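Asker: So the sequence shown is numbered by our numbering: it starts at 25 and just counts up by one.
Glycine included, C-beta positions come from ideal geometry on N, C-alpha and C.
Since the structure is predicted, the reported quantities are computational estimates derived from the model, not experimental observations.
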Amino acid sequence: MSVVGPTRLIILKSGKYDYGEVELVRPLHLVGPNNVGKTSLIAALQFLYIDDQRHMHFSREMDETRRYYFPDPNSYILFECLTPTGYRVVGVQGLGPLKRYEFRRFSYQGRFDIADFLDEAGKLRQEDEIRELLADRDYRKLEPNQLKAALTGSGENNGVHLGLVPTRDSDAYRRFRRVFSNLLRLAHLSQEDLKWFLYEIYESEFKQKSIDLESGYSSQFEKVKRLADEVRGLQAVADDIRRALRLAAERDEVRGNLPLLYTAIGRAWGEIRAELVELREKLNQQMEQLADRESQAREEHRETEQTMRSLDQQLGTLKRDLNNHEQEKTEFKDYLADIEDAKIANLKTQIEELGYLLKNAVQEPVARVAARMATHEKELTAQRALLEGITRTAATRLKGLCGEADLKQAFRLLNHKVLGLRLGADGLQIDDEIGLQARIRAISERMSDGVYRDGAVTLSLDALDPPHLEEYTDPALIAEKIKVLEETVARDKKTLQAAEEAEKLSSQKKALEQEYEELTEKRRRFSVFRENLAKAREWQKEHDQLEKKSSLCSERLGQLREMQREIDRDRIGIKGRLTQSVTREEKYLEDIRSLQRPDQSWAQGGALQLPASFEEMHALYLELHARQKALDTELGNRLLVIDSRTYGRSRGDSEAETLRILGEELDALAQKEEAAEKLWSGLAAGLQSSIKNMLGDLDRLRGKVEDLNRQLAKVSVSNLQRLRLELDENDQLVPWLKKVIRQEDSPLFASTQDTSEAYGCIGEFLRKSGRIELRQLFELKFVVTTADGKEREYPKLESIESNGTTITIKVLINLMLLRGLLDNRKEVSIPYYLDEASSLDQDNASAIVQQSRRLGFTPVLASPEAMDAADNLYFLKDNGGRLILDSCALVRIHREESDETWPD
Numbered sequence: 025m026s027v028v029g030p031t032r033l034i035i036l037k038s039g040k041y042d043y044g045e046v047e048l049v050r051p052l053h054l055v056g057p058n059n060v061g062k063t064s065l066i067a068a069l070q071f072l073y074i075d076d077q078r079h080m081h082f083s084r085e086m087d088e089t090r091r092y093y094f095p096d097p098n099s100y101i102l103f104e105c106l107t108p109t110g111y112r113v114v115g116v117q118g119l120g121p122l123k124r125y126e127f128r129r130f131s132y133q134g135r136f137d138i139a140d141f142l143d144e145a146g147k148l149r150q151e152d153e154i155r156e157l158l159a160d161r162d163y164r165k166l167e168p169n170q171l172k173a174a175l176t177g178s179g180e181n182n183g184v185h186l187g188l189v190p191t192r193d194s195d196a197y198r199r200f201r202r203v204f205s206n207l208l209r210l211a212h213l214s215q216e217d218l219k220w221f222l223y224e225i226y227e228s229e230f231k232q233k234s235i236d237l238e239s240g241y242s243s244q245f246e247k248v249k250r251l252a253d254e255v256r257g258l259q260a261v262a263d264d265i266r267r268a269l270r271l272a273a274e275r276d277e278v279r280g281n282l283p284l285l286y287t288a289i290g291r292a293w294g295e296i297r298a299e300l301v302e303l304r305e306k307l308n309q310q311m312e313q314l315a316d317r318e319s320q321a322r323e324e325h326r327e328t329e330q331t332m333r334s335l336d337q338q339l340g341t342l343k344r345d346l347n348n349h350e351q352e353k354t355e356f357k358d359y360l361a362d363i364e365d366a367k368i369a370n371l372k373t374q375i376e377e378l379g380y381l382l383k384n385a386v387q388e389p390v391a392r393v394a395a396r397m398a399t400h401e402k403e404l405t406a407q408r409a410l411l412e413g414i415t416r417t418a419a420t421r422l423k424g425l426c427g428e429a430d431l432k433q434a435f436r437l438l439n440h441k442v443l444g445l446r447l448g449a450d451g452l453q454i455d456d457e458i459g460l461q462a463r464i465r466a467i468s469e470r471m472s473d474g475v476y477r478d479g480a481v482t483l484s485l486d487a488l489d490p491p492h493l494e495e496y497t498d499p500a501l502i503a504e505k506i507k508v509l510e511e512t513v514a515r516d517k518k519t520l521q522a523a524e525e526a527e528k529l530s531s532q533k534k535a536l537e538q539e540y541e542e543l544t545e546k547r548r549r550f551s552v553f554r555e556n557l558a559k560a561r562e563w564q565k566e567h568d569q570l571e572k573k574s575s576l577c578s579e580r581l582g583q584l585r586e587m588q589r590e591i592d593r594d595r596i597g598i599k600g601r602l603t604q605s606v607t608r609e610e611k612y613l614e615d616i617r618s619l620q621r622p623d624q625s626w627a628q629g630g631a632l633q634l635p636a637s638f639e640e641m642h643a644l645y646l647e648l649h650a651r652q653k654a655l656d657t658e659l660g661n662r663l664l665v666i667d668s669r670t671y672g673r674s675r676g677d678s679e680a681e682t683l684r685i686l687g688e689e690l691d692a693l694a695q696k697e698e699a700a701e702k703l704w705s706g707l708a709a710g711l712q713s714s715i716k717n718m719l720g721d722l723d724r725l726r727g728k729v730e731d732l733n734r735q736l737a738k739v740s741v742s743n744l745q746r747l748r749l750e751l752d753e754n755d756q757l758v759p760w761l762k763k764v765i766r767q768e769d770s771p772l773f774a775s776t777q778d779t780s781e782a783y784g785c786i787g788e789f790l791r792k793s794g795r796i797e798l799r800q801l802f803e804l805k806f807v808v809t810t811a812d813g814k815e816r817e818y819p820k821l822e823s824i825e826s827n828g829t830t831i832t833i834k835v836l837i838n839l840m841l842l843r844g845l846l847d848n849r850k851e852v853s854i855p856y857y858l859d860e861a862s863s864l865d866q867d868n869a870s871a872i873v874q875q876s877r878r879l880g881f882t883p884v885l886a887s888p889e890a891m892d893a894a895d896n897l898y899f900l901k902d903n904g905g906r907l908i909l910d911s912c913a914l915v916r917i918h919r920e921e922s923d924e925t926w927p928d
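Here is the structure:
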């Protein structure tokens, strides 16, 4: 029997695809690297199953999504579907940038034929041409509401009946739409989402989804609400009112003490100021006396310092002369003048003799003579070697090879020394004589009129001399040159010897001259020393007298400096006391200025004990004033809070009037609370029927969870021994609801303690929210039994055992919930997308595929690597950013054993 559902998805010039086609009748697996286009291909199923694009879920915003899928009017997404009336194609066509990349749907009868859209050249046909080809196949446009009707079979469908989503009731499509979207974004599905979906799927079967005081108990609720609001308002501010009354009393008491204290502070300041003025007058007189003493001391210090400087200068001269005399005594202790005079005369004679010898000696430096001789010796060696091998020189060979004229011309540009090299590996080696001859001749030919030209450069030859070939080829000329060099080297040797001797004589003369100068200077100083022997005794006597005077001056200067230090200390002390006086006065003035005068409306009163000192009174005033200010601020804030919470009902014309009204309302609070409790009890008693229906719905929902568990028990998930979904009741609210139901027929109902507590709990809940929702009565959790028999509870769906296990559970639960929305009497196949196949192992992937088949779903797996869980594998390959997906990319898996067959 054929199964209703989409059989093929075709995509033309949409997204990354130039052309794409996949079969949807068997489980399939899209294999390709990340971002290649797997998700965008299969996410396009939403254009078939979701009527309103506001409820579609893509990885981009919807504006960007439309631009991606439908870049121009030639972009198509087509779905070939098997319907109860035969094959029919549903198409989605882009409208292009002029219409903000919107799209429109259409449908026509029959199977998809590529020739309807592509011409013989493989190019996409124009829209008018396509519509003309489809005109005889019941071509119809589909608005979003018509698509919904065509899918579900309920409503205006413009003559298109697809029957792809046969829902159990008219509102089930809305829930189907949400669950179907979940299958495209499993990673974001939470336990709370699961709870909402479970509730929504079976919502039509519930009798009492909520208890709403506003709609179900309107008149009574309004009366109770008004009184309850008033009581709650008073209860909410009762503590604030009590605090406000205490604050007002305390503040007024503090304010009564401030005027008395302010007057006492003024009197104390008058007395302190008189004392400070008298003290400053005395200190200023002391400062004048110190100034007179300092002036006299400074004048004496200046005169003494002048005397001291004069004495120091005289002493310095005498000390220097005496020290020099003592050093000369030691130096000339053994000095014999006659012997020293003879030495000086002898040195003078030697110097004169050496001067005579040097006058006739060679004056050229030794280093220069030695360098010149080395150059001549090197040249002599080279010439001897040239003569010895003259027949094997480059000049001889090149002259015979190229001729003298060409050789001379060419070597105006080349290095002349090359002509003197020997032939061979250690000199000049000619590898190609003909080539060398041609090259030299070519250089020579480029020279004419004293200029060399080769196309790249032009060079004047005026400064470049030709070589003298005879110097390299004439043995007689070379022998003559050797003879001249030998004579030159001999002369250099003699000159070097003479220069070395002259250098030695010059060194001797310099040493003797230095010794002569030293002896002559010492002889002069000895003469001066002899003259100063008689003066030294007078110098010492004068030195002792001056030192005595200097010592007396130094002692007096020390006394004067100590006197100045004493004056400075006294001045600092007086200035410090003056500064302290001014600082004290400024501090008192600052303290007084910091005081805020008491308000004239504050009546003086109270029995405050005044402190003895100004400081204590000032500190107490600041403390009391800050206290009254804090109390006043807190009181004002409390009154503002009370005013906002009571909406100004208790506001008087003045603060005092407001406090009086609040006090009276606080006294009446107990009576209002009692009246409100009675009204709440009556209201809660009328809720029994609604509560009974709501608890019945909770049991009905628990039965649906058990149905899910029976289906889960048939599926193997990872290595889990068992997987259960459990419904946990709200342990605070449900027990009280049940207590109310148990006491429904009791004649003592109104006085039963449990019932009273139950009404109190329910009433408190209703007072807070105004309604009780069925969804508030339960939570969901998963309980897994592992292979070793251990049980674990998971209140969150995001992390059950492993990531693969979590994904498997999400898929299975969603499929089971989705199937629960559909009419079991009609067999349909719905494809869905699983983009996290790489997170699943082989067992979990196979379990998902098998359970999908049993429930009537076609899984579409996707991952970078292939798996054999699905029947068809499509391999996606990016070709320069564009994709073509056809039968060439399809690999079918044929299984020997299969327990199910799928339609062709």
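Taking DSSP's pairing of strands, which residues face phenylalanine 806 in a bridge?
Answerer: Residue numbering aside, residue 806 sits at position 782 when the sequence shown is read from its first letter. Phenylalanine 806 pairs with Leu749, Tyr818.
Asker: Once DSSP output is grouped into helix, strand and coil, what is the label at phenylalanine 141?
Answerer: The residue you call residue 141 lines up with position 117 of the sequence shown. Of the three classes helix, strand and coil, the one that applies to phenylalanine 141 here is coil, per DSSP.
Asker: Would you mind sorting leucine 335 into buried or exposed? The rule is 16 or more other CB atoms within 10 Å of its CB.
Answerer: Walking along the sequence shown from the start, residue 335 turns up at place 311. The residue is buried, with at least 16 neighbouring Cβ atoms inside 10 Å.
Asker: Where does serine 234 fall in DSSP's three states?
Answerer: Here residue 234 is taken as the residue at index 210 of the sequence shown, counted from 1. Residue state, collapsed to three classes: strand.
Asker: Give the C-beta separation of leucine 485 and tyrosine 476 to the nearest angstrom, bearing in mind that I take them to be a contact with Cβ-Cβ under 8 Å.
Answerer: Position 461 of the sequence shown, counted from the start, is the residue given in the question as residue 485. Position 452 of the sequence shown, counted from the start, is the residue given in the question as residue 476. At roughly 6 Å, the Cβ-Cβ gap stays under 8 Å, so leucine 485 and tyrosine 476 are in contact.
Asker: For arginine 50 versus aspartate 910, is the C-beta distance shorter than 8 Å?
Answerer: The residue labelled residue 50 in the question sits at position 26 within the sequence shown. The residue labelled residue 910 in the question sits at position 886 within the sequence shown. It is not a contact, given that the beta carbons lie outside the stated cut-off.
Asker: Of the residues Arg112, Pro97, Glu151, which one's Cα is nearest the Cα of phenylalanine 127?
Answerer: Residue mapping note: residue 127 aligns to position 103 of the sequence shown, counting from 1. Selected option, being the one with the closest Cα: Pro97.
Asker: DSSP three-state label for histidine 492, please.
Answerer: In the sequence shown, counting from the first residue as 1, residue 492 sits at position 468. Correct three-state label for histidine 492: coil.
Asker: Determine the closest residue to tryptophan 220 out of Glu254, Arg199, Gln232, with distance taken between C-alpha atoms.
Answerer: Here residue 220 refers to the residue found at position 196 of the sequence shown. Among Glu254, Arg199, Gln232, the Cα nearest to that of tryptophan 220 belongs to Arg199.
Asker: For arginine 304, is the classification buried or exposed, using 16 other Cβ atoms within 10 angstroms of its Cβ as the cut-off for buried?
Answerer: Stepping through the sequence shown from its first residue, residue 304 is reached at position 280. Arginine 304 is exposed by the Cβ-count criterion.
Asker: What first and last residue would you give for the alpha helix (DSSP H) that runs through phenylalanine 899?
Answerer: To locate residue 899, count along the sequence shown from 1; it is residue 875. Careful: phenylalanine 899 lies outside any alpha helix (DSSP H), inside the beta strand (DSSP E) at 896-899.
Asker: Could you tell me how far apart the beta carbons of cysteine 577 and threonine 331 are, in whole angstroms, since I believe they sit closer than 8 Å?
Answerer: Translated into the one-based positions of the sequence shown, residue 577 becomes position 553. Translated into the one-based positions of the sequence shown, residue 331 becomes position 307. At roughly 6 Å, the Cβ-Cβ gap stays under 8 Å, so cysteine 577 and threonine 331 are in contact.
Asker: What's the gap between the Cα of lysine 599 and the Cα of leucine 282?
Answerer: Against the sequence shown, residue 599 aligns to sequence position 575. Against the sequence shown, residue 282 aligns to sequence position 258. Going by the C-alpha atoms only, they are around 38 Å apart.
Asker: List, from N- to C-terminal side, the beta strand (DSSP E) runs of 3 residues or more that fit wholly inside the region 465-541.
Answerer: Qualifying beta strand (DSSP E) stretches, in chain order: 475-477, 482-484.
Asker: Which partner residues does glutamate 797 have in the DSSP bridge list?
Answerer: Against the sequence shown, residue 797 aligns to sequence position 773. Looking at the DSSP assignment, glutamate 797 forms a beta bridge with Ser234.
Asker: So within the region 627-713, which uninterrupted alpha helix (DSSP H) runs reach at least 4 residues, ignoring any that extend past its ends?
Answerer: Correct list: 638-669, 679-691, 693-709.
Asker: Counting C-beta neighbours from all protein chains within 10 Å, is the total for methionine 471 16 or more, i.e. buried, or is it exposed?
Answerer: Within the sequence shown, residue 471 is the residue found at index 447, counting from 1. It counts as buried.
Asker: Would arginine 684 and arginine 267 qualify as a contact pair, given that the criterion is a beta-carbon distance under 8 Å?
Answerer: The count along the sequence shown starts at 1 and reaches residue 684 at position 660. The count along the sequence shown starts at 1 and reaches residue 267 at position 243. Against a cut-off of 8 Å, the Cβ pair of arginine 267 and arginine 684 comes out as no contact.
Asker: So the candidates are Tyr92, Glu156, Arg84; which of them puts its Cα closest to the Cα of isoleucine 35?
Answerer: Working through the sequence shown from its first residue, we reach residue 35 at position 11. The residue with the shortest Cα to Cα distance from isoleucine 35 is Tyr92.
Asker: Taking only three categories from DSSP, how would you classify serine 131?
Answerer: In the sequence shown, counting from the first residue as 1, residue 131 sits at position 107. Of the three classes helix, strand and coil, the one that applies to serine 131 here is strand, per DSSP.
Asker: Would you list the residues sitting across from glycine 905 in a DSSP beta bridge?
Answerer: What you label residue 905 is simply residue 881 of the sequence shown in a count that begins at 1. Paired residue(s): none; glycine 905 is not in a bridge.
Asker: Taking a contact to mean a Cβ-Cβ separation below 8 Å, would you say arginine 129 touches leucine 166 in this structure?
Answerer: As a first step, residue 129 is located in the sequence shown; it is residue number 105 there, counting from the start. As a first step, residue 166 is located in the sequence shown; it is residue number 142 there, counting from the start. For arginine 129 and leucine 166, yes; Cβs fall inside 8 Å.
Asker: Quick one: grab the DSSP three-state call for valine 60.
Answerer: As a working mapping, residue 60 is identified with position 36 in the sequence shown. DSSP places valine 60 in coil when its eight states are reduced to three.
Asker: Does DSSP put arginine 164 in a helix, in a strand, or in coil?
Answerer: For this step, residue 164 is matched to residue 140 along the sequence shown. In this structure, arginine 164 counts as strand in the three-state DSSP scheme.
Asker: Mapping DSSP to helix, strand and coil, what is proline 622?
Answerer: Numbered from 1 along the sequence shown, position 598 holds the residue referred to as residue 622. Three-state DSSP puts proline 622 in coil, outside helix and strand.
Asker: Should glutamine 875 and leucine 836 be called a contact, given that it needs their Cβ atoms to be closer than 8 Å?
Answerer: Translated into positions along the sequence shown, residue 875 becomes position 851. Translated into positions along the sequence shown, residue 836 becomes position 812. In this structure, leucine 836 lies closer than 8 Å to glutamine 875 by Cβ.
Asker: Ordered along the chain, which non-local residues of its own chain (more than five positions away) have a Cβ less than 7 Å from that of isoleucine 375?
Answerer: Looking up residue 375 in the sequence shown gives position 351. These residues qualify, in order along the chain: Lys533, Leu536, Glu537, Tyr540.
Asker: Would you list the one or two residues that DSSP bridges to tyrosine 73?
Answerer: Position 49 of the sequence shown, counting from 1, holds the residue named residue 73. DSSP output for tyrosine 73 lists no bridge partner at all.
Asker: Taking 6 Å as the limit between beta carbons, can you name the residues of its chain near serine 770, skipping five residues before and five after?
Answerer: Along the sequence shown, read from residue 1 onward, the residue named residue 770 stands at position 746. Interpretation of serine 770 is limited by its pLDDT of 43, a score under 50 that renders its predicted location unreliable; the figure taken from the coordinates is listed afterwards. Within the same chain, serine 770 has no close Cβ partners at all.
Asker: Give the range of the beta strand (DSSP E) segment to which glutamine 117 is assigned.
Answerer: On the sequence shown, position 93 is the one that residue 117 refers to. From DSSP, the beta strand (DSSP E) with glutamine 117 extends over 110-118.
Asker: To the nearest angstrom, how far is it from the Cα of proline 927 to the Cα of threonine 809?
Answerer: As a first step, residue 927 must be located in the sequence shown, where it is residue number 903. As a first step, residue 809 must be located in the sequence shown, where it is residue number 785. Low local confidence applies: a pLDDT of 40 at proline 927 is under 50, so the model's placement there is unreliable, and no value is given.
Asker: Return the residue from the list Leu736, Val852, Ile458, Glu403 that minimises the CA-CA distance to glycine 424.
Answerer: The residue given as residue 424 occupies position 400 in the sequence shown. Residue Ile458 is the option with its Cα nearest to glycine 424.
Asker: Consult DSSP for glycine 187 and reduce its assignment to one of helix, strand or coil.
Answerer: Position 163 of the sequence shown, counted from the start, is the residue given in the question as residue 187. Reduced to three states, the DSSP call for glycine 187 is coil.
Asker: Name the one or two DSSP bridge partners that cysteine 105 has.
Answerer: The residue labelled residue 105 in the question sits at position 81 within the sequence shown. Cysteine 105 is bridged to Pro30, Arg112.
Asker: Between glutamate 229 and arginine 724, which are expected to be in contact by the criterion C-beta below 8 Å, what is the C-beta distance as a whole number of angstroms?
Answerer: Translated into positions along the sequence shown, residue 229 becomes position 205. Translated into positions along the sequence shown, residue 724 becomes position 700. Contact holds; Cβ gap of about 6 Å.
Asker: Figure out for me which residue from Phe550, Gln77, Thr607 has the closest Cα to the Cα of glutamine 359.
Answerer: By one-based count along the sequence shown, residue 359 stands at place 335. According to the sequence provided, residue 359 is tyrosine. The question's glutamine does not apply to it. Here the closest residue by C-alpha is Phe550.
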